[in-house]
Amino acid sequence: MNDATTSPADSALATRGAALDLLFNVLAKRVPFDDAWDASRPLRALEPRDRAFVRMLVATTLRRLGQIDAAIQGSLNKQGQQLKAVVQDILRLGAAQLLFLGTPAHAAVDTAVELAVARKQHPYKGLINAVLRRLDRERASILAEQDAGRLNTPDWLWLSWRKTYGTALTRAIVETHLGEAPLDITVKANAAAWAERLEATVLPTGSLRRAAGGQVTELSGFDEGGWWVQDAAAAIPARLFGDLAGRDAIDLCAAPGGKTAQLAAAGAQVIAVDRSEKRLVRLSENMARLGLGARVTTVAADATEWRPDAVVDAVLLDAPCSATGTIRRHPDVARLKSEEDVEKLGRIQSRLLYRAVDMLKPGGTLVYCTCSLQAEEGESQITNLLYRRPEMQVVPVTADEVGGLSELLTPDGYVRCTPGHLAEIGGMDGFFAARLRRVG
7 MNDATTSPAD SALATRGAAL DLLFNVLAKR VPFDDAWDAS RPLRALEPRD RAFVRMLVAT
67 TLRRLGQIDA AIQGSLNKQG QQLKAVVQDI LRLGAAQLLF LGTPAHAAVD TAVELAVARK
127 QHPYKGLINA VLRRLDRERA SILAEQDAGR LNTPDWLWLS WRKTYGTALT RAIVETHLGE
187 APLDITVKAN AAAWAERLEA TVLPTGSLRR AAGGQVTELS GFDEGGWWVQ DAAAAIPARL
247 FGDLAGRDAI DLCAAPGGKT AQLAAAGAQV IAVDRSEKRL VRLSENMARL GLGARVTTVA
307 ADATEWRPDA VVDAVLLDAP CSATGTIRRH PDVARLKSEE DVEKLGRIQS RLLYRAVDML
367 KPGGTLVYCT CSLQAEEGES QITNLLYRRP EMQVVPVTAD EVGGLSELLT PDGYVRCTPG
427 HLAEIGGMDG FFAARLRRVG
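Numbering (our numbering), first residue to last: 7 to 446.
In structure tokens:
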């Protein structure tokens, strides 16, 4: 916590310094934002309000990075001028405050210059001051001339999505990425009553939705264990099993446990498998809060190698993926993932799928899902599986199973959600899900 004698100016500088370190770790060291956040020592010395500002500032910088970099380049006296990484990041944070967060110019500019001095970048004080002053003066015209969605989307993602979804839906996806995601909630039962208590809306798919913001743990009923946070799209796959009462299920790559909770709440006895013991501890804590611990057994193992003692009725595989469907919530994904990652992860997904089939009883159901917008991690995986494992057959998902939202279904009967769906009420994560049955 800040000492009582800490001046507001020192506090502001410490806050921007923590943000600068965080941004550097994400963009230069390529550390996922949440991991960088958890490992940041400077953050621990800040007041809760300042930590919240750091999170908002860095997340906004990552979300609007294309616009910010274009604006900075357009404000330099020498077009195409290459800047030192630390100077570039100081300018990025200053630009995010001026262009998108409404920070007063004197606060954003002065702290940026002071931060440059603190990081021994004295020769760049004048440049930083001049660029940020220009951004402040020309803010309206700069933003009016920018194609925000396109600028903030890396080329490989734009081209991939346009090929898969067409220009119109791709445009809807990237426009939705510009805003924060709402808070979605899954309840064990009685959605209408919980919606009233939580001041939320019931979505067609059955999830509850309320505006983002506030502490989740302080919301009504958190300690009662009647609900958990889970994006509306992420809540669909586990519902595709139908009646699970008295059945055995395996949740592969299970942590942090949202889908495990759904399976257990539906009456299944669940084996939750994840390679991370640390993440399984969190899953177990979540199950305990929800009163579902007795229905869940955890196993720390690599799911490509692990074997259950007996085959089961249901297997849910939420496979590791590029997570390009979660960019609204994790804007660092757009900057950290690449086409090479998609290819590498695709090989892992194929191995997991084959293993999952072997865990099923004849007549058992497999639901495969990823929080990715890449067809290579969704539709293509199922096409390959059906070719190599003829005992598996697709069981098409029907519109009534997704709240009547037929636009979420593909002609093959798969679920394909994009952030452009339900855009008028806040959108949803990008998700793919397919349901298959083992016959014979």
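Virtual Cβ for every residue (Gly too), placed ideally from N, Cα, C. Small disclaimer: the values here were computed from a predicted structure and weren't measured.
### Task
Consult DSSP for methionine 398 and reduce its assignment to one of helix, strand or coil.
Reading the sequence shown from its first residue, position 392 is the one you call residue 398. DSSP places methionine 398 in strand when its eight states are reduced to three.
### Task
Give every residue of the same chain whose Cβ lies closer than 7 Å to the Cβ of tryptophan 312, excluding the five residues on either side of it in the sequence, and list them in chain order.
Against the sequence shown, residue 312 aligns to sequence position 306. Val279 and Val305, listed in sequence order.
### Query
If you draw a straight line from the alpha carbon of glutamate 144 to that of serine 378, how long is it in whole angstroms?
The residue labelled residue 144 in the question sits at position 138 within the sequence shown. The residue labelled residue 378 in the question sits at position 372 within the sequence shown. For glutamate 144 and serine 378, the gap between their C-alpha atoms comes out near 37 Å.
### Query
Counting Cβ pairs closer than 8 Å, one from the stretch 77 to 86 and one from the stretch 52 to 62, do we hit at least three?
no
#### Entry: Selection from Ala261, Thr332 and Glu346 that minimises the alpha carbon distance to glutamine 424
Indexing the sequence shown from 1 puts residue 424 at position 418. Here residue 424 turns out to be threonine, not glutamine, going by the sequence shown. Considering only alpha carbons, the answer is Thr332.
### Task
Between the Cα of aspartate 406 and those of Val400, Leu415 and Met398, spot the shortest distance and give me the residue it belongs to.
As a working note, residue 406 is residue 400 in the sequence shown. Here the closest residue by C-alpha is Leu415.
#### Entry: C-alpha distance - valine 421 paired with tryptophan 43, whole-angstrom precision
As a working mapping, residue 421 is identified with position 415 in the sequence shown. As a working mapping, residue 43 is identified with position 37 in the sequence shown. Their backbone Cα atoms lie some 33 Å apart in a straight line.
### Task
Determine the extent of the alpha helix (DSSP H) in which alanine 76 is found, giving its start and end residues.
In the sequence shown, residue 76 corresponds to position 70, counting from 1. Counting along the chain, the alpha helix (DSSP H) containing alanine 76 begins and ends at 71 to 81.
### Query
Who are the Cβ neighbours of isoleucine 148 in its own chain at under 6 Å, not counting the five residues just before and after it?
Here residue 148 refers to the residue found at position 142 when the sequence shown is read from its first residue. So the qualifying residues of the chain are Ala77.
### Message
Going by DSSP in three states, tryptophan 448 sits in which element: helix, strand or coil?
### Response
It is not possible to answer for residue 448, since the shown part of the chain is limited to 7 through 446.
### Query
Under three-state DSSP, which class holds threonine 211?
Your numbering for residue 211 matches position 205 in the sequence shown. Coil, per DSSP.
### Task
Answer yes if the stretch 353 to 367 comes into contact with the stretch 309 to 324, meaning at least three C-beta pairs across the two stretches below 8 Å, and no otherwise.
Counting Cβ pairs under 8 Å, three or more are found: they touch.
### Query
DSSP state of isoleucine 333, grouped into three classes?
Numbered from its first residue, the sequence shown carries residue 333 at position 327. Isoleucine 333: coil per DSSP, three-state reduction.
### Query
If you compare alpha carbons, which of Ser412, Gln73 and Leu189 is closest to leucine 141?
Within the sequence shown, residue 141 is the residue found at index 135, counting from 1. The shortest Cα separation from leucine 141 among Ser412, Gln73 and Leu189 belongs to Gln73.
### Task
Count the other CB atoms, across all protein chains shown, that sit within 10 Å of the CB of lysine 265; report buried if there are 16 or more and exposed otherwise.
Here the question's residue 265 lines up with position 259 in the sequence shown. Lysine 265 comes out buried.
### Query
Any chance the stretch 57 to 65 sits against the stretch 101 to 114, with 3 or more Cβ pairs inside 8 Å?
yes
### Message
In the DSSP output, which residue or residues are listed as bridge partners for arginine 216?
### Response
Along the sequence shown, one-based indexing puts residue 216 at 210. Its beta-bridge partners are Leu189.
### Query
Looking at the structure shown, is aspartate 16 part of a helix, part of a strand, or coil, going by DSSP?
If you number the sequence shown from 1, residue 16 lands on position 10. Of the three classes helix, strand and coil, the one that applies to aspartate 16 here is helix, per DSSP.
#### Entry: N-terminal and C-terminal residue of the beta strand (DSSP E) that arginine 443 is part of
As a position in the sequence shown, residue 443 is number 437, starting the count at 1. In this chain, the beta strand (DSSP E) harbouring arginine 443 covers 437 to 444.
### Query
Among Val208, Ile191 and Arg253, which residue has its Cα nearest to the Cα of tryptophan 233?
By one-based count along the sequence shown, residue 233 stands at place 227. Of the candidates Val208, Ile191 and Arg253, the residue whose Cα lies closest to the Cα of tryptophan 233 is Ile191.
### Task
Use the C-beta contact count for aspartate 435: other C-beta atoms within 10 angstroms, 16 or more gives buried, fewer gives exposed.
The sequence position of residue 435 within the sequence shown is 429, counting from 1. Classified as buried, aspartate 435 has 16 or more neighbouring CB atoms from the shown chains inside 10 Å of its CB.
### Message
For glycine 433 and leucine 258, I'd like the C-alpha separation in whole angstroms.
### Response
In the sequence shown, counting from the first residue as 1, residue 433 sits at position 427. In the sequence shown, counting from the first residue as 1, residue 258 sits at position 252. Between glycine 433 and leucine 258, the C-alpha separation is close to 27 Å.
### CB-CB length for alanine 447 against glutamine 103, believed under 8 Å
No answer is possible for residue 447: the residues shown for the chain start at 7 and end at 446.
### Query
Within 9 Å (strictly less), CB to CB, does alanine 34 reach chain B?
Chain labels in this structure do not include chain B; a single protein chain is all it has.
### Message
Buried or exposed for arginine 444, going by 16 or more other Cβ atoms inside 10 Å?
### Response
Position 438 of the sequence shown holds residue 444. Classification of arginine 444: buried, given that the 10 Å Cβ count is 16 or more.
### Inter-residue spacing [alpha-carbon to alpha-carbon] between glutamine 387 and cysteine 327
Counting from one through the sequence shown, the residue named residue 387 turns up at place 381. Counting from one through the sequence shown, the residue named residue 327 turns up at place 321. Distance between the alpha carbons of glutamine 387 and cysteine 327 is about 12 Å.
### Task
Give the range of the beta strand (DSSP E) segment to which tyrosine 420 is assigned.
Walking along the sequence shown from the start, residue 420 turns up at place 414. Element bounds for tyrosine 420: n/a, residue is neither H nor E.
### Query
On the three-state DSSP scale, how would you describe leucine 52?
Counted from its first residue, the sequence shown places residue 52 at position 46. Three-state result, leucine 52: coil.
### Query
Which runs of the alpha helix (DSSP H) fall wholly inside the stretch 248 to 275 and span at least 4 residues, in chain order?
264 to 271
### Message
Contact between the stretch 239 to 251 and the stretch 218 to 231 is defined here as three or more beta-carbon pairs at a separation below 8 Å; is this criterion met?
### Response
no
### Query
By the 10 Å Cβ neighbour count, where 16 or more other Cβ atoms means buried, how is leucine 33 classified, buried or exposed?
Counting from 1 along the sequence shown, the entry for residue 33 is found at position 27. Buried is the call here.
### Message
Using 9 Å as the threshold, is the C-beta distance between alanine 18 and threonine 176 below it?
### Response
Within the sequence shown, numbered from 1, the residue matching residue 18 stands at position 12. Within the sequence shown, numbered from 1, the residue matching residue 176 stands at position 170. No; because the gap between Cβ atoms is not below 9 Å, this pair is not in contact.
### Task
Return the CA-CA distance between aspartate 319 and glutamate 291, expressed in angstroms with no decimal places.
Indexing the sequence shown from 1 puts residue 319 at position 313. Indexing the sequence shown from 1 puts residue 291 at position 285. C-alpha separation (whole angstroms): 26 Å.
### Query
Taking valine 180 as the reference, which of Glu120, Leu289 and Arg70 has the closest Cα?
For the purposes of this step, residue 180 is taken as residue 174 along the sequence shown, with counting starting at 1. Considering only alpha carbons, the answer is Arg70.
### Query
How long is the line joining the alpha carbons of proline 243 and alanine 91, rounded to whole angstroms?
Taking the sequence shown and counting its residues from 1, the one referred to as residue 243 is at position 237. Taking the sequence shown and counting its residues from 1, the one referred to as residue 91 is at position 85. Taking the straight line from one Cα to the other gives about 42 Å.
### Query
Beta carbon of leucine 138, beta carbon of leucine 97: below 9 Å?
For this step, residue 138 is matched to residue 132 along the sequence shown. For this step, residue 97 is matched to residue 91 along the sequence shown. With contacts defined as CB atoms closer than 9 Å, leucine 138 and leucine 97 qualify as a contacting pair.
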